[in-house]
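A.B. asks: After the structure tokens below, expect a handful of questions from me.
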Amino acid sequence: MGRTVIPFGPQHPVLPEPIHLTLTLEDDRIVEALPRMGYVHRGLELLAQKRTPDQMVQVVERVCGICSMMHGMCFCQALEEIHGIEPPPRAKWLRVFWAEMHRLHSHLLWLGLFADALGFENLFMGFWRVRERIMDMQDATTGNRVMVSVSAIGGVRRDLPPDLESWCRRELIGVRDEVHRLGKAMLGDYSTAKRTKGIGVLTAERAHDLGTVGPVLRGSGVAHDIRMLDKEIYGALEFTPCVETDGDSWSRLAVRIAESEQSANLALGALDKLPQGDITVKVKGRPEGEAVRRVEQPRGEALYYVKADGGKLLDRVRIRTPTFANIPALLDLLPGHDLADAPVLVLTIDPCISCTER
Amino acid sequence: MNAETISLSELGAESARRATEGWRLVTATCVPLKDGDIDLIYHFDRDLVMEQVRLTVARDAELPSLNPDHPGAYLVENEIQDQFGLRFSGLTPDFGGQMFLEPEARLSPMAAYTVVPKKEEA
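So the sequence lines, in the order shown, correspond to chains A and B. Okay, so the first sequence: first residue is 1 according to the UniProt record's numbering, each after it adds one. Okay, so the second sequence: first residue is 1 according to the UniProt record's numbering, each after it adds one.
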């Protein structure tokens, strides 16, 4: 049988991200998938050698728009470890509040795009309408809708205005209820099941071997979430990861819907437990040493490695983003499926090429 | 950050042992040193516990690919090939330093200097 090689992306009607795959087909069936990167690469790791640590906070927040706060948070945590300082409790809780808002709006963004890819334009608009409420909250509490820029080495740059707390609570409860309603509609739909159940099955063992992270890994039945390491905050919020066991596209969808509701609850919990006090500690001297930190971003585990030699600039900043870790799984999933399933399968890893091409 | 230091000859056995014991390769970090060598740090995770393995290699060293033991390793190894010019043997698929870079690129952007391989005789 003859083979056809087609380029998939970087511009594709169903993909918001410029991912580029070279797909080899036999008839309509994919037999091989290879990635091609560099289309939007920005060399941000190299920029670390030309910016001070404080300036780098602004840079890493721009690794990705959708999870910018978590990039800044992870970088700051690595620098705090090198400096040997600990942020005040209020700063830690505020970080969790904004981090969960980020997860929530990232998942809602993806849910809308996924609904659109399946042909549900109304559901797409529903998810994005709810997402706007999160953006409004971020705007009100930080001054920015997306790039909230609250991260600082030693704490956070902004405090939560007291007069907004009760409004945020009401909004989060409303968002949670809306997500529940829309998620139920999506998961209960016949067409969604036809397009996702049994499609792109990734077993727990294969997901582990390929280094998969985030909702993709948890959709394969592995209860792995970096938030479980944070006993102080997430332990107090009684956090347990959302897991599905079938490993197919439906499971990855169900995990993200469950996590959206959970994030609203976690953000509400963070507001309830928010202590009074300072939001930052003073950083003295220049960093010297190396540290590695991980955070659970909406797409999964992100890793920051930072090395400093006591000079004005950092020696090395290494960023391993979750989409980068999930690409091997995607390339493993595609062979054996029809070309028509490729957009849905690509979307189920929630690719962020901005992160990958940092 | 704690990291166990090993030699290049021990890397293959270390990788196999980690895979057998259920460790997941999180990623590898390439750190150019001031003397021209390169520190390569492999980050492994098992049940949310992370351990690092560090080895120092010359810039023109060829390392064994961890892909046979950790099937997702090829992506980060190809990235290191592109950006730092290190070479990995047994790497599948091997993009030959062109996963991020265009074919005409002859320099590794993250390396202080690049070892350009000789062109083979026609």
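Backbone N, C-alpha and C define an ideal beta-carbon position, used for all residues, glycine too. Quick caveat, the model's predicted, so the values are computed rather than measured.
#1: Would S249/A pass as a contact of K197/A if the rule is Cβ separation under 9 Å?
#2: Count the other CB atoms, across all protein chains shown, that sit within 10 Å of the CB of R103/A; report buried if there are 16 or more and exposed otherwise.
#3: For V292/A versus F75/A, is the C-beta distance shorter than 9 Å?
#4: So, helix, strand or coil for S151/A, using DSSP?
#5: When the cut-off is 9 Å and only beta carbons count, does I41/B lie next to chain A?
#6: Report yes if the C-beta distance between G155/A and T280/A is below 9 Å; otherwise report no.
#7: Once the 5 residues before and after T24/A are set aside, which same chain residues still bring their CB inside 6 Å of it?
#8: Could you confirm whether any beta carbon from chain A is found closer than 9 Å to the beta carbon of F100/B?
#9: Taking I327/A as the query, report the chain B residues whose CB atoms sit under 9 Å from its CB, ordered along the chain.
#10: Determine the chain A residues that contact P24/B at a beta-carbon separation under 7 Å, and present them in chain order.
#11: Determine the direct distance from the alpha carbon of W23/B to that of D47/B, and round the result to whole angstroms.
#12: What number of angstroms, rounded off, separates the C-alpha of G336/A from the C-alpha of L91/B?
#13: Could you tell me the boundaries of the beta strand (DSSP E) in which E39/B lies?
#14: Drop a sphere of 10 angstroms on the beta-carbon of R95/A, count the other beta-carbons inside from all chains shown, and report buried for 16 or more, exposed for fewer.
#15: With 9 Å as the threshold, decide whether the Cβ of P88/A is near any Cβ in chain B.
#16: Grouping DSSP H, G and I as helix and E and B as strand, with all else coil, what is G2/A?
#17: Hey, how far is the Cα of L63/A from the Cα of D209/A?
#18: Among the candidates A340/A, R195/A and E261/A, whose CA atom is the shortest distance from the CA of D28/A?
#19: Give me the subset of the stretch 217-244 of chain A whose CB atoms are less than 9 Å from a CB atom of chain B, sorted by chain position.
#20: Are R358/A and E45/A closer than 9 Å when you measure CB to CB?
#21: Under three-state DSSP, which class holds T323/A?
#22: When the Cα of A58/B is compared with those of R18/B, V31/B and P103/B, which residue comes out closest?
#23: Closer than 8 Å, Cβ to Cβ, to anything on chain B: give me those residues from the stretch 308-325 of chain A, in chain order.
#24: What span of residues does the beta strand (DSSP E) with Q52/B cover, start to end?
#25: Which residue from H180/A, H20/A, K92/A and R294/A puts its Cα closest to that of P275/A?
#26: Relative to the alpha-carbon of residue 367/A, which residue among H20/A, L330/A and K50/A has its alpha-carbon at the smallest distance?
#27: Out of curiosity, what's the CA-to-CA distance linking L187/A and L123/A?
#28: How about L303/A and V26/B: do their beta carbons lie closer than 9 Å?
#29: Between V14/A and chain B, is any beta-carbon pair separated by less than 9 Å?
#30: Hey, out of V346/A, S354/A, E261/A and A117/A, whose CA is closest to L21/A's CA?
#31: Go to H180/A, then tell me how far its alpha helix (DSSP H) extends in each direction, as first and last residue.
#32: How about H70/B and R320/A: do their beta carbons lie closer than 9 Å?
#33: Output yes if chain A places a C-beta closer than 9 Å to the C-beta of L11/B; else output no.
#34: What does T29/B reach in chain A if we use C-beta pairs closer than 7 Å?
#35: Since P343/A contacts A193/A with CB under 8 Å, what's their CB separation in whole angstroms?
#36: Would you tell me roughly how many angstroms separate the C-alpha atoms of L313/A and T142/A, rounded to the nearest one?
C.D. replies: Judging by the given coordinates:
#1: Here residue 249/A refers to the residue found at position 249 of the first sequence. Here residue 197/A refers to the residue found at position 197 of the first sequence. Yes, Cβ-Cβ distance for S249/A and K197/A is below 9 Å.
#2: Taking the first sequence and counting its residues from 1, the one referred to as residue 103/A is at position 103. Buried, by the Cβ-count rule.
#3: As a first step, residue 292/A is located in the first sequence; it is residue number 292 there, counting from the start. As a first step, residue 75/A is located in the first sequence; it is residue number 75 there, counting from the start. Contact: no.
#4: Position 151 of the first sequence holds residue 151/A. S151/A falls in the strand class under three-state DSSP.
#5: Numbered from its first residue, the second sequence carries residue 41/B at position 41. So yes, I41/B belongs to the interface.
#6: Within the first sequence, the letter at position 155 stands for residue 155/A. Within the first sequence, the letter at position 280 stands for residue 280/A. Contact flag set, yes.
#7: By one-based count along the first sequence, residue 24/A stands at place 24. Here the set comprises R3, V5, V31 and E32.
#8: Along the second sequence, one-based indexing puts residue 100/B at 100. Yes, F100/B counts as interfacial toward chain A.
#9: The residue given as residue 327/A occupies position 327 in the first sequence. What I327/A touches in chain B: G72 and L75.
#10: Walking along the second sequence from the start, residue 24/B turns up at place 24. Just to set this straight, residue 24/B is Arg in the shown sequence, not Pro. Here the neighbours are H208 and G211.
#11: Locating residue 47/B in the second sequence gives position 47, where the first residue counts as 1. Locating residue 23/B in the second sequence gives position 23, where the first residue counts as 1. One C-alpha to the other measures close to 8 Å.
#12: Translated into positions along the first sequence, residue 336/A becomes position 336. Translated into positions along the second sequence, residue 91/B becomes position 91. Looking at the two C-alpha atoms, the distance is approximately 23 Å.
#13: Taking the second sequence and counting its residues from 1, the one referred to as residue 39/B is at position 39. The question names Glu, but residue 39/B in the sequence shown is Asp. That run of the beta strand (DSSP E) goes I38 to R46.
#14: Reading the first sequence from its first residue, position 95 is the one you call residue 95/A. Burial call: buried.
#15: Here residue 88/A refers to the residue found at position 88 of the first sequence. Chain B, which has no Cβ nearer than 9 Å to the Cβ of P88/A, makes this no.
#16: Counting from 1 along the first sequence, the entry for residue 2/A is found at position 2. G2/A falls in the coil class under three-state DSSP.
#17: To locate residue 63/A, count along the first sequence from 1; it is residue 63. To locate residue 209/A, count along the first sequence from 1; it is residue 209. The question names Leu, but residue 63/A in the sequence shown is Val. About 27 Å.
#18: The residue labelled residue 28/A in the question sits at position 28 within the first sequence. When each option's Cα is compared against that of D28/A, the closest is A340/A.
#19: H224, D225, I226, M228 and L229
#20: Stepping through the first sequence from its first residue, residue 358/A is reached at position 358. Stepping through the first sequence from its first residue, residue 45/A is reached at position 45. Yes.
#21: The sequence position of residue 323/A within the first sequence is 323, counting from 1. In this structure, T323/A counts as helix in the three-state DSSP scheme.
#22: The sequence position of residue 58/B within the second sequence is 58, counting from 1. Among R18/B, V31/B and P103/B, the Cα nearest to that of A58/B is on V31/B.
#23: D315, R316, R318, R320, F324 and A325
#24: Position 52 of the second sequence holds residue 52/B. Looking at the DSSP string, the run of the beta strand (DSSP E) that includes Q52/B is V49 to V57.
#25: Taking the first residue of the first sequence as position 1, residue 275/A is located at position 275. Per the Cα distances, K92/A.
#26: Since the first residue shown for chain A is 1 and the last is 358, residue 367/A is missing from the structure and cannot be characterised.
#27: Residue mapping note: residue 187/A aligns to position 187 of the first sequence, counting from 1. Residue mapping note: residue 123/A aligns to position 123 of the first sequence, counting from 1. The alpha-carbon atoms of L187/A and L123/A are separated by roughly 12 Å.
#28: On the first sequence, residue 303/A is found 303 positions in, with the first residue counted as 1. On the second sequence, residue 26/B is found 26 positions in, with the first residue counted as 1. Yes, the pair counts as a contact, with Cβ atoms nearer than the cut-off.
#29: For the purposes of this step, residue 14/A is taken as the residue at position 14 of the first sequence. No, V14/A lies away from the interface with chain B (no Cβ there is under 9 Å from its Cβ).
#30: Position 21 of the first sequence, counting from 1, holds the residue named residue 21/A. It is V346/A whose Cα lies nearest to the Cα of L21/A.
#31: Locating residue 180/A in the first sequence gives position 180, where the first residue counts as 1. Start and end: E165 to L187.
#32: Residue numbering aside, residue 70/B sits at position 70 when the second sequence is read from its first letter. Residue numbering aside, residue 320/A sits at position 320 when the first sequence is read from its first letter. Contact: no.
#33: Counted from its first residue, the second sequence places residue 11/B at position 11. Not an interface residue.
#34: As a position in the second sequence, residue 29/B is number 29, starting the count at 1. By Cβ distance, chain A contributes Y305 and R318.
#35: As a position in the first sequence, residue 343/A is number 343, starting the count at 1. As a position in the first sequence, residue 193/A is number 193, starting the count at 1. About 17 Å; that fails the 8 Å criterion.
#36: The residue labelled residue 313/A in the question sits at position 313 within the first sequence. The residue labelled residue 142/A in the question sits at position 142 within the first sequence. Approximately 28 Å between the Cα atoms of the pair.
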